[in-house]
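Each remark here refers to the structure printed beneath this line.
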Amino acid sequence: LALHGDSNCLDSSHLQMQQNCFQMLLKMLEYTATGRPDAGFFGNVQPLAEPLGAFNTPMPRRRTDVDLGEYSRVLNRAPVCGPDTPPHL
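So, in structure tokens, the structure goes:
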């Protein structure tokens, strides 16, 4: 299992970081496909001794004291399309 937490860096919003993001994504895909972590990228990866969480662990709850829309650059704003945006969008 691999988790990429910032999909925004893969689009045209961050052109300077895009190359690094694609490199990271490729390393993650290689790891999930082969099971062999890249030592330079992942460092000393060790399997978990015990499962993280449990099936009966409650799901996280949305905070009610924070308005995400106040800080978001996506919510409640018109979309801004870049030159590489597919024409049907």
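Oh and the sequence shown: position 49 is 53 in our numbering, straight run, nothing missing.
Every residue gets a Cβ at the ideal spot worked out from N, C-alpha and C, and that includes glycine.
{"Check": "Kindly indicate the opening and closing residues of the alpha helix (DSSP H) around residue 58.", "Outcome": "Looking at the DSSP string, residue 58 is not in any alpha helix (DSSP H), and its letter there is neither H nor E."}
{"Check": "How many whole angstroms separate the CB atoms of residue 6 and residue 38, which I take to be in contact at a CB cut-off of 8 Å?", "Outcome": "Going by Cβ atoms, the distance from residue 6 to residue 38 rounds to 12 Å, so no, they are not a contact pair."}
{"Check": "Using 8 Å for Cβ pairs, my map puts residue 33 next to residue 25. What's the rounded Cβ distance?", "Outcome": "No, residue 33 and residue 25 are not in contact; Cβ-Cβ is about 12 Å, not under 8 Å."}
{"Check": "Go through its chain and collect everything with a Cβ distance to residue 29's Cβ below 8 Å, but skip five positions before and after it.", "Outcome": "8 and 14"}
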